[in-house]
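Q:
In my numbering, the protein residues as written are 5 to 281.
Listed below in structure tokens is the structure:
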């Protein structure tokens with residue numbers, strides 16, 4: 005299926021991502037929305053003042069209320085477009101992606117193939133319980149739903165251990181009657197159990213690593229250098245990264261300095277979403 009398509013180089017990939025980040029900035033400033041760099045992008049900003057040298061993605065996060073406005077108002081077609089569960093019924097994520105037309109990303113996730121181009125993940129931050137026990141229960145429920153969704157959508161590729169491939173095939177067979185959209189909606193429902201009620205704490209429950217911080221540690225944002233631009237980061241960005249990754253300022257061993265994702269991006273003619281309709 006990739007015959008005749010040229011792979012997007014790392015330099016091209018990063019140029020696209022920086023362009024998408026600028027589109028997000030313009031839209032958020034026009035709408036009065038708050039956003040922050042997140043995950044490996046946030047590490048890159050603090051440690052390298054730009055991309056992690058071997059990384060190939062870009063992530064931002066937003067308070068849930070701002071995220072919902074962003075998803076409702078951001079264009080869903082054109083040179084840059086929003087992809088989410090509202091635009092694709094089998095979209096396998098409980099967050100959105102801002103994508104570049106004319107490119108396509110191939111990855112080993114059912115429902116994720118060909119649905120979007122090179123993209124920036126836009127992930128919501130929710131109010132979460134202040135109490136330790138309540139937070140642990142909320143986090144455990146979120147991770148349980150995530151595990152079911154992964155069992156539904158992760159492809160049993162040859163690079164996985166045989167036992168894992170067998171388990172995935174069995175799980176996918178059992179979950180075949182369950183729509184992917186139902187599981188992504190379940191993740192959102194679990195993440196928003198507080199219903200937007202302020203607790204003094206915010207956290208993330210729809211990404212791979214759940215976390216919680218005091219709301220005053222998130223905002224107001226601070227601007228830091230990221231490649232050739234300035235971008236907003238959480239007020240206590242270092243504390244957040246230490247909670248998620250530990251000693252994030254120390255470079256990993258050489259053999260671990262590889263892109264964390266198994267996807268490949270290609271240049272294509274037309275809008276990559278056309279093949280997914």
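For every residue, glycine included, the Cβ atom is placed at its ideal position computed from N, Cα and C.
Quick caveat: nothing in here was measured; it's all calculated off a predicted structure.
#1: Could you pull out every residue in the same chain whose Cβ sits closer than 7 Å to the Cβ of residue 42, ignoring the five residues on either side in sequence?
#2: Give me the Cα-Cα distance between residue 16 and residue 222, rounded to the nearest whole angstrom.
#3: Just list the alpha helix (DSSP H) runs in the region 234-258, keeping only unbroken ones of 4 residues or longer that don't cross its boundaries, in chain order.
#4: Near residue 70, which residues of its chain fall below 6 Å by C-beta distance, leaving aside the five closest residues on each side in sequence?
#5: Do you know offhand how far residue 12's Cα is from residue 271's?
#6: Three Cβ pairs or more, each shorter than 8 Å: is that satisfied between the region 147-165 and the region 245-260?
#7: Tell me the rounded alpha-carbon separation between residue 74 and residue 136.
#8: Assign residue 116 to one of two classes, buried (16 or more other C-beta atoms within 10 Å of its C-beta) or exposed (fewer than that).
#9: Going by other Cβ atoms of all chains shown within 10 Å of its Cβ, with 16 needed for buried, is residue 265 buried or exposed?
#10: Give the straight-line distance between the Cα atoms of residue 260 and residue 268, rounded to the nearest whole angstrom.
#11: Restricting to Cα atoms, I'd like to know which of 103, 88, 214 and 105 is closest to residue 148.
#12: Once the 5 residues before and after residue 153 are set aside, which same chain residues still bring their CB inside 6 Å of it?
#13: According to the Cβ coordinates, are residue 125 and residue 263 closer than 8 Å?
#14: Whole angstroms is fine: what's the gap from residue 141's alpha carbon to residue 30's?
#15: Per the DSSP calculation, residue 85 is bridged to which residue(s)?
#16: Rounded to a whole number of angstroms, what is the C-alpha to C-alpha distance between residue 203 and residue 77?
#17: Roughly how many angstroms separate the alpha carbons of residue 49 and residue 57, rounded to a whole number?
A: The relevant details are as follows:
#1: Translated into positions along the chain shown, residue 42 becomes position 38. Same-chain partners within the cutoff: 63, 64, 65 and 127.
#2: Translated into positions along the chain shown, residue 16 becomes position 12. Translated into positions along the chain shown, residue 222 becomes position 218. Roughly 32 Å between the two C-alpha positions.
#3: 241-249
#4: Within the chain shown, the letter at position 66 stands for residue 70. Within the same chain, residue 70 has close Cβ partners 37 and 38.
#5: By 1-based counting over the chain shown, the position of residue 12 is 8. By 1-based counting over the chain shown, the position of residue 271 is 267. C-alpha separation (whole angstroms): 6 Å.
#6: no
#7: Along the chain shown, read from residue 1 onward, the residue named residue 74 stands at position 70. Along the chain shown, read from residue 1 onward, the residue named residue 136 stands at position 132. Near 31 Å, if we compare the C-alpha coordinates of residue 136 and residue 74.
#8: Stepping through the chain shown from its first residue, residue 116 is reached at position 112. Any answer about residue 116 is weak, because its pLDDT of 49 lies below 50 and its placement is not dependable; what the coordinates show is given next. Its Cβ being crowded by 16 or more others within 10 Å, residue 116 is buried.
#9: In the chain shown, residue 265 corresponds to position 261, counting from 1. Looking at its Cβ environment, which holds fewer than 16 other Cβ atoms inside 10 Å, residue 265 is exposed.
#10: The sequence position of residue 260 within the chain shown is 256, counting from 1. The sequence position of residue 268 within the chain shown is 264, counting from 1. Each residue's Cα considered, the two are about 19 Å apart.
#11: Here the question's residue 148 lines up with position 144 in the chain shown. The shortest Cα separation from residue 148 among 103, 88, 214 and 105 belongs to 214.
#12: Counted from its first residue, the chain shown places residue 153 at position 149. Same-chain partners within the cutoff: 187.
#13: Taking the chain shown and counting its residues from 1, one reaches residue 125 at position 121. Taking the chain shown and counting its residues from 1, one reaches residue 263 at position 259. In this structure, residue 263 does not lie closer than 8 Å to residue 125 by Cβ.
#14: The count along the chain shown starts at 1 and reaches residue 141 at position 137. The count along the chain shown starts at 1 and reaches residue 30 at position 26. Looking at the two C-alpha atoms, the distance is approximately 38 Å.
#15: Taking the chain shown and counting its residues from 1, the one referred to as residue 85 is at position 81. Residue 85 is bridged by DSSP to 103.
#16: Looking up residue 203 in the chain shown gives position 199. Looking up residue 77 in the chain shown gives position 73. So the alpha carbons of these two residues sit roughly 27 Å apart.
#17: Translated into positions along the chain shown, residue 49 becomes position 45. Translated into positions along the chain shown, residue 57 becomes position 53. Taking the straight line joining both Cα atoms gives about 11 Å.
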